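Below is one structure, written out as structure tokens; the observations come after it.
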Amino acid sequence: MKQKTVLKKHAGKSRKKHAGRSPKKQWKDMGPGRRAGTMVFSLVQVSLAVAAWIDLARRPADQVRGKKGIWAGVIAVNYIGPIAYFLKGRQTA
Numbered sequence: 001m002k003q004k005t006v007l008k009k010h011a012g013k014s015r016k017k018h019a020g021r022s023p024k025k026q027w028k029d030m031g032p033g034r035r036a037g038t039m040v041f042s043l044v045q046v047s048l049a050v051a052a053w054i055d056l057a058r059r060p061a062d063q064v065r066g067k068k069g070i071w072a073g074v075i076a077v078n079y080i081g082p083i084a085y086f087l088k089g090r091q092t093a
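The sequence shown begins at 1 in full-length UniProt numbering and counts up by one.
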């Protein structure tokens with residue numbers, strides 16, 4: 001009897017943990033199309049971040065809106081950070 005109670009509690013926690021969203025798929029569970037899409041999106045994100053960090057490092061501080069250290073951290077935020085830097089962080093000479 002006690003074992004059933006434990007199973008019910010565990011099942012309830014499991015449902016609450018993933019309520020409203022599907023569990024994350026592991027790489028081995030993805031099909032070839034999904035793997036390719038994941039690789040492309042990852043490559044784009046990393047490329048944007050690297051390009052933004054290189055631009056930030058080479059750009060003089062007077063051509064950056066705000067502190068360079070803060071922008072370096074913002075750039076680390078997936079997709080949003082590098083795009084925000086390119087749109088709002090740079091000043092034209």
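Note that the Cβ used here is the ideal one computed from N, Cα and C, for glycine as well. Being a predicted model, the structure only gives us computed values, none of them experimental.
Whole-angstrom distance between residue j and residue i, CA atom to CA atom
{"i": "R21", "j": "G89", "result": "34 Å"}
{"i": "I54", "j": "K25", "result": "33 Å"}
{"i": "S42", "j": "Q63", "result": "29 Å"}
{"i": "W71", "j": "A52", "result": "9 Å"}
{"i": "P23", "j": "A49", "result": "28 Å"}
{"i": "R59", "j": "D29", "result": "43 Å"}
{"i": "G66", "j": "Q91", "result": "10 Å"}
{"i": "G37", "j": "K68", "result": "32 Å"}
First through last residue of the alpha helix (DSSP H) which encompasses residue i
{"i": "F41", "result": "P32 to R58"}
{"i": "G71", "result": "In the sequence as displayed, the identity of residue 71 is Trp instead of Gly. Where W71 is concerned, the enclosing alpha helix (DSSP H) stretches over K68 to I75."}
{"i": "P82", "result": "I80 to A84"}
Exposure of residue i, with buried meaning 16 or more beta-carbon neighbours within 10 Å
{"i": "I75", "result": "buried"}
{"i": "P32", "result": "exposed"}
{"i": "L87", "result": "exposed"}
{"i": "G81", "result": "buried"}
{"i": "Y79", "result": "exposed"}
Sheet register partners of residue i (DSSP bridge)
{"i": "R90", "result": "V64"}
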